[in-house]
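In what follows, a single structure is set out as structure tokens and then discussed.
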Amino acid sequence: MSVDRDEVNRIAGLAKLSLDDGEADRLAEEMNRILEHAERLRALSDSPDPVDVQTGAEPHRKSGAAASPTPDALTHPLADFAPEMDDGFFTVPPPPGVVGSDS
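Taking numbering that gives the first Met the number 0, the leading residue of the sequence shown gets 0, the next gets one more, and so forth.
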């Protein structure tokens, strides 16, 4: 897909803008660069191997037994984060000014 001067003038007319030929040509070039970039991003998202869109870097892949997703071990006991737990969930007080449901 590309945009030419006529398309830019049509869009400008919809926005009730008045452009001279130089402005229309410049905007057509800018819009075409944006469309080309969007097409490259679309091609990346369709790729079977994900690539970081900003850097172009491929993601780090683990191999072997370490590749299975397991949670990281905590360096501090759970009681350091939330002193109370209920059925495996952290229990925290309501924010100031909010009345708890058990009161």
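Backbone N, C-alpha and C define an ideal beta-carbon position, used for all residues, glycine too.
Inter-residue Cα distance where the pair is Pro94 and Asp24: 56 angstroms
So, using beta-carbon positions, are Ala78 and Val91 closer together than 8 angstroms? no
Starting from Glu83, follow its DSSP beta bridges and name the residues at the other end. Thr90
Given this structure, state the Cα-to-Cα distance separating Asp20 from Ala42, to the nearest angstrom. 33 angstroms
How close, in whole Å, do the beta carbons of Leu18 and Ala27 come, if the pair is a contact with beta carbons under 8 angstroms? Leu18 to Ala27, Cβ: 10 angstroms. No contact.
Give the straight-line distance between the Cα atoms of Ser102 and Asp85, rounded to the nearest whole angstrom. Note that Ser102 scores a pLDDT of 49, beneath 50, so its modelled location is shaky; the value from the coordinates is reported in the next line. Roughly 18 angstroms between the two C-alpha positions.
Exposed unless 16 or more other CB atoms sit within 10 angstroms - verdict on Val97: exposed
Reducing DSSP to helix, strand and coil, say where His75 ends up. coil
Which same chain residues, not among the five before or five after Glu38, have their C-beta less than 6 angstroms away from its C-beta? none
Would DSSP call Gly21 helix, strand or coil? helix
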